[in-house]
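Student:
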Amino acid sequence: MSFKQAIGSTSPARRIAANVVDCLRAGTDLSKSRLSYPCCICEPRRSSVNQLMSGLISTISATLRAMRRKLRPPSSEALRPPEPSLRTLGSQPPTLLLLNDCSDQINYGAEALMEGLLRIIAAAIPNHTLRMIPSHWLIEPEFFSREFHNGSSLVQPAAIWPHVADQFECIADEWLAGRGGRGVDVYLKALQDVDLVILNGEGSMYRTNLSAVRELFVAWFAKTKLGIPTVFLNGLIHLTLVVPILPAMMKKTFRVLDAVAVRDPYSLRNVHDFMSEIPVTLIPDSALAVPVEIDNPSPGVMALFRQLGNTDFFCFDPGPMPIDHRFGPRSALYRLITEIKQLIPQAVMVASGPSEAPMLKQLAADTDSIYLDHQPSYRDLMAVLARTKFQISGRNHNPLLGALVGCPVISIGSTSHKVHGMCEILEVSEPYDGTDLRSNIDRIKTHVASHLVNGVMVRNQIKSIAARLAVESFEMGVIVKNVLAKQSKHEVRTQ
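Dropping the structure here:
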């Protein structure tokens, strides 16, 4: 017998059931509704029907609430990926994330500063796990082919990034909601379960460099959105009012970081000029922390030494700034090299990276000098600098590596104040303007003559300064250790 047959089409029970159905259609919570029962039902029957309907209402209401929960659209909070959480420090070695690992670049300085930074971290925290975000994830892809190892095969995770400081919050929301691009998960995974983020400030914090924008955003994101302690180390900073995109971004990020350390006095003064409220420490470049290992140079360097024999020589590396070699023997660079070779017999053109190799090869041919191609390691460069009388360089790290082995330097200005800062910290003369060599050639020749006359004294002096700076560079590790210790104490207090 069917339910309809049992209660009849017009029975009181049928009308009660119809009343329940009407409530369901209206979305009424039956457990809270007041259903009217027909008065024609006698009291005994009414009591039994009440019990029956009460159970029915309770069951149906519970079922409906469960269905509504399942059908309700997920909230924005539910869409967010699980946030990386800090583990209790002390329960296991800390996990550190190094943002901007530039060992992927074909550059003596990038290689040396990374090795030095890893030594500094290991000295401060012997037991740790280290993750890396490589520099090619952060820089413009057009640099891949000529400036990076295996450049043609490199891949950059696709993500949306801020263009100005005001976009940090919105971009962060997009990242957390899963709308930041296909590659965002790669960044979030790298940040997961990290105890400290170290932003390596090498090579980026000036002009409107894309890498600077991305590094600052990731550091700010890690600290403010994920609650990860974050520090800025090893940085050059050169803020200006020419297209001033970076100052606001840097101020927004530095205000929330746990520590900020720059590597030269020019950068220190620059930060104070733009954001005097930010506490900043001066700690020398991590490249100074590398060991002096020059006894087993590469075959290329050994071939150079055989070619030179006992001939005195100097090294030349112009750096990234434009310099005049446009008209061969009529150029300022040709005149500089040939006039210095009247004071010292030979010149070695040092290619620190691939981009300057064609010009240096041609200059070596024009001036009857020797070209040294980029070698496998910064140690090979140091082996050469240990034997040269001096170097003329437009770079920041070659003079630092040379100072470790007692090589005097005559500097040429670069694309930022980084060479000026290096000269100040090494206590050597300010750099010459490489775009105006003609008016400086006589002064440079006087400088060369001074190095040749006072060679031993100058070498001992710069080597002593470099040794002191090398010790000071390990203060970066102290910063990392102290921030981790502070975080550990905070966790204990809040548990």
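So for the sequence shown, our numbering puts the first residue at 2; every next one is plus one.
The beta carbon of each residue, even a glycine, is placed where N, CA and C say it ideally should be.
From what residue to what residue does the alpha helix (DSSP H) around proline 300 run?
Tutor: 300-309
Student: The alpha helix (DSSP H) with glycine 110 in it runs from where to where?
Tutor: 109-125
Student: For the stretch 384-391 and the stretch 204-222, state whether three or more C-beta atom pairs, one from each stretch, are separated by less than 8 Å.
Tutor: no
Student: Tell me where the beta strand (DSSP E) around phenylalanine 233 begins and ends.
Tutor: 231-236
Student: Judging by CA-CA distance, which residue of Glu428, Leu99, His239 and Ala159 is the nearest neighbour of arginine 469?
Tutor: Relative to the Cα of arginine 469, the nearest Cα in the group Glu428, Leu99, His239 and Ala159 belongs to Glu428.
Student: May I ask you to report which of helix, strand or coil DSSP gives threonine 389?
Tutor: coil
Student: Is the beta carbon of isoleucine 279 closer than 9 Å to that of valine 261?
Tutor: yes
Student: Under 8 Å: do the stretch 467-482 and the stretch 221-240 share three or more Cβ pairs, one atom per stretch?
Tutor: yes
Student: Taking cysteine 316 as the reference, give the member of Val156, Gly182, Trp176 and Val449 with the closest Cα.
Tutor: Of the candidates Val156, Gly182, Trp176 and Val449, the one whose C-alpha sits nearest the C-alpha of cysteine 316 is Val449.
Student: Could you check how far apart the C-beta atoms of threonine 436 and isoleucine 324 are, in whole angstroms? I think they sit under 8 Å.
Tutor: 7 Å
Student: Name, in chain order, the residues that DSSP records as bridge partners for glutamine 193.
Tutor: BP columns for glutamine 193 are empty, so no partner.
Student: Bridge partners of isoleucine 134, per DSSP?
Tutor: Leu100
Student: Using a Cβ-Cβ cutoff of less than 8 Å, which residues in the same chain neighbour valine 293 once the five nearest sequence positions on both sides are dropped?
Tutor: Met383, Leu405 and Val406
Student: Based on DSSP bridge pairs, tell me the residues matched to glutamine 106.
Tutor: Phe149
Student: Return the CA-CA distance between proline 82 and serine 412, expressed in angstroms with no decimal places.
Tutor: Its pLDDT being 41, under 50, proline 82 is placed unreliably in this model, and the value from its coordinates should be taken loosely. If I take the Cα positions, the gap works out to 50 Å.
Student: Taking cysteine 103 as the reference, give the member of Gln93, His137 and Ala486 with the closest Cα.
Tutor: His137
Student: Check whether the stretch 127-142 and the stretch 167-182 touch, using three or more Cβ-Cβ pairs below 8 Å as the test.
Tutor: Contact fails: fewer than three Cβ-Cβ distances are below 8 Å.
Student: Given a threshold of 16 other Cβ atoms within 10 Å of its Cβ, counted over all protein chains shown, does valine 484 qualify as buried or as exposed?
Tutor: buried
Student: Which residue or residues does DSSP assign as beta-bridge partners of asparagine 239?
Tutor: Asparagine is not the amino acid found at residue 239; the sequence shown has histidine there. According to DSSP, histidine 239 bridges with Tyr207.
Student: Under 9 Å, do leucine 118 and alanine 366 count as touching if we go by C-beta distance?
Tutor: no
Student: Can you give me the C-alpha to C-alpha distance between serine 332 and glycine 228, rounded to a whole angstrom?
Tutor: 56 Å
Student: Could you spell out where the beta strand (DSSP E) holding valine 165 opens and where it closes?
Tutor: It is not in any beta strand (DSSP E) - valine 165 carries neither H nor E in the DSSP assignment.
Student: With 16 as the cutoff for other CB atoms within 10 Å, does glutamine 308 come out buried or exposed?
Tutor: exposed
Student: Please report the residue range of the alpha helix (DSSP H) in which isoleucine 463 lies.
Tutor: 456-474
Student: Report, in whole angstroms, the separation of the C-beta atoms of alanine 166 and lysine 226, which I expect to be a contact under 8 Å.
Tutor: The pair is not a contact, with the Cβ atoms about 15 Å apart (cut-off 8 Å).
Student: Taking proline 248 as the reference, give the member of Met322, Arg264 and Val272 with the closest Cα.
Tutor: Out of Met322, Arg264 and Val272, Val272 has the C-alpha closest to the C-alpha of proline 248.
Student: Are the beta-carbon atoms of alanine 160 and valine 195 separated by less than 9 Å?
Tutor: no
Student: Under three-state DSSP, which class holds alanine 260?
Tutor: strand
Student: Buried or exposed: glutamate 431, going by 16 or more other Cβ atoms within 10 Å of its Cβ?
Tutor: exposed
Student: Taking leucine 139 as part of the beta strand (DSSP E), name the residues at either end of that continuous run.
Tutor: Unbroken run through leucine 139: none, as it is neither H nor E.
Student: Please classify valine 244 as buried or exposed, where buried requires at least 16 other C-beta atoms within 10 Å of its C-beta.
Tutor: With a threshold of 16 other beta carbon atoms within 10 Å, valine 244 falls short and is exposed.
Student: Going by C-alpha distance, which of Leu189, Ser356, Tyr109 and Leu98 is nearest glycine 403?
Tutor: The shortest CA-to-CA distance from glycine 403 to any of Leu189, Ser356, Tyr109 and Leu98 is the one to Tyr109.
Student: Indicate the three-state DSSP secondary structure (helix, strand or coil) for valine 185 in the structure shown.
Tutor: helix
Student: Could you compute how far the alpha carbon of asparagine 297 sits from the alpha carbon of leucine 305?
Tutor: 14 Å
Student: Taking glutamine 462 as the reference, give the member of Pro409, Phe255, Ala471 and Ala486 with the closest Cα.
Tutor: Pro409
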